[in-house]
Structures are given as structure tokens and as C-alpha cells.
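**Student:** The opening residue of the sequence shown carries number 554 in our numbering; numbering runs sequentially from there.
Idealized CB from N, CA, C, for every residue including glycine.
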Amino acid sequence: MYQVNENGYFGEFGGAYIPEILFSNVETLKNQYRAILEDPSFQQEVDQLLADYVGRPSPLYHAKRLSEHYGCQIYLKREDLNHTGAHKINNTIGQIVLAKRLGKTRIIAETGAGQHGVATATVCALMNMECIVYMGKTDVERQELNVQKMRMLGASVYPVTSGNQTLKDATNEAMRDWCSHPVDTFYIIGSTVGPHPYPDMVERFQSVISREMKEQLQTKLGRNYPDYILACIGGGSNAAGAFHHYLDEPRTQLIAIEAAGKGTDTDETAASILLGRLGILHGSKSLIMQTEDGQIIEPYSISAGLDYPGVGPLHAHLARTGRSTVLAATDAEALTAAMELTRMEGIIPALESAHALAGLSKITFKPEDVVVVNLSGRGDKDMDTYLRYI
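1) Look at the alpha carbon of T817 and the alpha carbon of I808, and state the distance between them as a whole number of angstroms.
2) Assess, as a yes-or-no matter, whether the stretch 862-882 is touched by the stretch 587-595 under the definition of 3 or more beta carbon pairs within less than 8 Å.
3) Less than 9 Å separating the beta-carbons of L542 and F739?
4) Check the C-beta distance from K630 over to L602 and give it rounded, since I have them as a contact under 8 Å.
5) For the alpha helix (DSSP H) containing S594, name the first residue and the last one.
6) From L698 to G930, what distance separates their C-alpha atoms?
7) So A662 and T675 are in contact, right, with Cβ under 8 Å, and what is the actual spacing, rounded?
8) Do S837 and G568 count as a contact pair if the criterion is CB distance below 9 Å?
9) Which first and last residues belong to the beta strand (DSSP E) in which C964 is found?
10) Using the three-state DSSP reduction, which class does V710 fall into: helix, strand or coil?
11) For K630, list the residues DSSP reports as bridge partners.
12) Going by DSSP, name the residue or residues bridged to T883.
13) Please determine if the stretch 889-900 and the stretch 793-812 are in contact, where contact requires at least 3 C-beta pairs separated by less than 8 Å.
14) Might you give, ordered along the chain, the residues of its own chain that have their beta carbon closer than 7 Å to the beta carbon of G747, omitting 5 neighbours on each side?
15) Out of T819, D820, I841, Q718, point me to the one whose CA is closest to G829's CA.
16) Would you give the residue range spanned by the beta strand (DSSP E) that G638 belongs to?
17) Between the alpha carbons of E905 and C785, how many angstroms are there, rounded?
18) Looking at C-beta atoms only, is the number of pairs between the stretch 680-687 and the stretch 701-709 that lie closer than 8 Å three or more?
19) Could you tell me the boundaries of the beta strand (DSSP E) in which M728 lies?
20) So, with DSSP's three-state summary, where would you put Q759?
21) Under the three-state reduction of DSSP, which class applies to I826: helix, strand or coil?
22) Is the separation between the beta-carbon of S839 and that of A869 shorter than 9 Å?
23) Excluding the 5 residues flanking Y751 on each side, which residues of the same chain have their C-beta closer than 6 Å to its C-beta?
24) Alpha carbons only, please: which of I943, L928, D937 is nearest the one belonging to G638?
25) Run through DSSP, which three-state label would Y939 get?
26) Counting only the same chain and skipping the five closest in sequence on each side, list residues whose C-beta sits under 7 Å from that of F918.
27) Can you pull the DSSP bridge partners for F563?
28) Within 8 Å: the Cβ of N578 and any heavy atom of the ligand SAH?
29) Can you find the residues in the same chain that come closer than 8 Å, C-beta to C-beta, to Q585, ignoring five residues on each side of it along the sequence?
30) Does the stretch 758-774 come into contact with the stretch 882-898, if we say contact requires no fewer than three beta-carbon pairs (one atom in each stretch) closer than 8 Å?
31) In chain order, what residues of the same chain have a beta carbon less than 6 Å from the beta carbon of I1005, not counting five sequence neighbours either side?
32) CA-CA distance, G847 and L831?
33) Quick check on DSSP: helix, strand or coil for G689?
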């Protein structure tokens with residue numbers, strides 16, 4: 554019910570709405586990706602890199618003081634401990650090995666918070682491939698550390714000055730580049746967005762998160778499911794990975810937390826599921842923040858990785874069917890939650906992950922509830938913002 558169908562749709566959301574020049578690329582990928590992903594030699598290469606290069610499995614940590622504070626049993630899936638500091642590397646490892654098997658020699662990517670850009674630059678250095686990263690000028694300025702990392706790794710970083718100079722605009726430029734270089738270029742999309750098969754493909758590469766979660770819960774608690782999984786959601790890749798193996802598990806409630814920005818009742822927000830309407834953006838049909846005549850409404854969030862006017866089609870489908878519960882956390886709530894985790898557990902989260910943590914205060918838990926928060930990234934990149942807040 555929650556898997557993509559043969560036409561690339563999750564319910565009414567998804568599809569591949571692309572320029573004709575990209576048809577061959579996307580069609581080839583659609584026809585070959587499942588066979589390549591299921592090839593034992595491909596799986597072995599990816600799993601080896603995830604273990605020895607990325608450092609998986611990531612720990613499932615029982616946060617005792619946070620648990621006492623919220624009156625339940627809280628576990629943190631520590632994606633912040635991965636090489637490059639976030640969940641993004643899971644997907645870039647898979648896609649770079651896939652690109653290599655398809656004979657591509659040039660890699661492009663878009664990035665908001667810079668974590669996907671760093672992860673893409675990292676695997677391109679590893680595989681000795683050319684790397685071009687598009688990043689909104691606003692994000693280049695607020696994520697300077699990650700920009701310097703990308704350049705040190707050998708990537709060319711292009712600041713994008715159109716629109717509000719954030720993730721949407723970076724994605725637009727990456728799509729234009731792909732149209733200009735359809736033969737030798739592979740576009741490593743960083744989230745569960747874009748034309749089919751990208752949403753499904755990225756979800757599959759990120760599903761290692763929930764696969765490990767099941768094994769770790771079984772070992773720790775003697776049961777392989779939690780009562781709740783909380784994950785932040787912009788495009789939706791970390792949430793898709795955390796939810797994947799629980800989509801058909803009715804005992805687990807899936808909680809997606811969007812970026813409310815200054816509030817969902819203001820013009821400065823990025824809550825695209827709660828406020829969006831059906832439309833097409835970056836190659837797929839989903840819920841998009843738009844005006845009545847279909848013009849994109851510029852999103853806003855303190856978190857560069859959640860500052861996106863749409864959402865992956867899987868998450869639109871999960872919300873529309875009631876399988877997931879969608880909440881929204883404001884900038885202030887996310888900053889408060891980040892400080893809470895830092896002071897209680899000695900872990901500084903990424904601003905994106907702080908939105909997931911903010912969801913804890915919006916739910917009434919029972920003492921026996923097992924709650925997993927997907928801690929999608931670490932806060933090094935956000936220190937300037939945190940210091941201003943402090």
C-alpha cells in the first residue's frame with residue numbers, strides 16, 4: 554500500500570514530469586535501478602562501504618535524562634555519528650556506486666544545509682569523479698563550513714542567486730545542468746524528491762536506518778518495533794529511511810515534523826504538507842506551497858535543510874492516507890529542543906534534527922512507550938546560529 558507502483562506513484566503522488574532531453578536518462582535509470590540494487594555484488598560493495606567507510610551500524614542510544622524529562626523511553630538513532638556527520642552519506646554511497654555501473658563520469662548535486670553536498674563531494678573524491686554542487690547563495694553564507702569542506706574535497710560549488718537563493722533554487726540549477734549534460738552526467742538527488750525512480754531509490758538507500766533499528770531494538774528490548782518514530786521532514790530522506798521497515802507495522806506511530814519557521818499562520822514557514830496543495834515541482838507531483846495560480850511560495854526556516862516548498866511523494870501519501878502524523882515545529886521550538894538535548898545528553902544536534910526533537914513536547918507519552926528519534930545529523934555546521942541564539 555505504501556510502496557511505489559510501476560508508474561512511479563505513491564497513491565496519487567509521484568510520477569516523472571521531465572524535459573524531453575532527460576527522458577532517456579530517467580527511463581534508463583527507471584528500467585535498470587531495481588536490477589542493479591538487487592545484484593548481490595552491488596549490495597556487497599555498498600554494504601562494505603557503509604561498514605568500513607561510513608562506520609555503520611550507527612548506535613541506538615538510550616537517552617536516560619531526556620527519557621526522564623518526557624516520561625517515556627527515548628532512544629536516539631545516531632545518524633550524526635556517520636562519516637560526514639549526517640544520514641546523507643547512506644544515499645550518496647549507493648548512488649555513486651550506481652552511477653559508476655551506469656558508466657557516468659560527472660556528478661552533480663543540489664544542497665541546502667550542505668550535508669548532502671559534503672556527502673556527494675566525499676564519495677566523488679573516493680571514486681575519483683568530477684563533482685559539481687549547486688547551493689543557494691543564502692545557504693552558502695549560513696553554511697560556510699560545509700562549503701569549505703566541499704571545496705577541500707575537490708568539488709566545484711556554484712552559489713545560486715535566483716529566487717530566495719536556497720534549496721529550491723539550487724535544485725532548479727542542478728536540473729538545468731542535467732539538461733545540458735544528459736549523456737555523461739549523473740544527478741545524485743539528496744532527498745526523496747524528483748522524478749521517479751529517485752524518491753523510491755533514495756528511500757531504499759536510506760532504509761538501512763530502520764533495518765538497523767529493528768535489529769537493535771530486538772537486541773536491547775526483545776521486540777523489534779517502537780511505539781513511535783519521530784523524524785524531521787523537508788524533502789523527506791531521513792524520515793523515509795527511519796519509517797521504511799515500519800510502514801506496514803500498525804503498532805508503530807510515524808511522526809513527521811515539518812519546519813514551521815516563524816509559525817504556520819505566518820508567511821515565513823516551510824510546512825509544505827500542512828499548508829501545501831497538489832502540484833508539480835522538480836519532476837514529481839506532490840504537496841507544494843503555492844499560490845492559487847500555481848506560483849511557488851518561497852519557504853522559510855532557520856534550518857537550511859528543511860527550507861523547501863515541497864515534500865517527497867511518499868510523505869504526501871503517508872500523510873494523506875493517515876499513516877503518518879504531521880506536526881510542525883517553529884524556529885524557537887527547534888532551538889529550545891537543541892539546547893535541551895545538548896544540556897541533558899551532551900549531544901549537539903543539527904538544526905534539522907532539532908525539529909524532530911521538538912516533536913517530543915507535542916505528544917503525551919506513557920511511561921512504557923518506546924520512542925525513537927532519528928537524530929539525522931550533528932550540529933557542527935549550525936554553530937554560528939546556535940551561538941547567536943545563546
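**Tutor:** Judging by the given coordinates:
1) 17 Å
2) no
3) Nothing can be reported for residue 542, as the shown portion of the chain is limited to 554 through 943.
4) Actually they are not in contact, since the Cβ atoms of K630 and L602 sit about 20 Å apart, beyond 8 Å.
5) 593-602
6) 15 Å
7) Not really, about 11 Å apart at Cβ, beyond 8 Å.
8) yes
9) Outside the displayed span of the chain (554 to 943) sits residue 964, for which this structure offers no information.
10) strand
11) L613, N927
12) G814
13) no
14) H835, G836, S837
15) I841
16) G638 -> no beta strand (DSSP E), and no H or E assigned at all.
17) 6 Å
18) yes
19) First-last for M728: 720-733, but that is the alpha helix (DSSP H), not the beta strand (DSSP E).
20) helix
21) helix
22) yes
23) I742
24) L928
25) helix
26) Y623, G624, C625, V924
27) F566
28) Questions concerning the ligand SAH fall outside what the structure shown contains, since it holds no ligand whatsoever.
29) L655
30) no
31) Residue 1005 lies beyond the range of the chain shown here (554 to 943); nothing can be said about it.
32) 10 Å
33) strand
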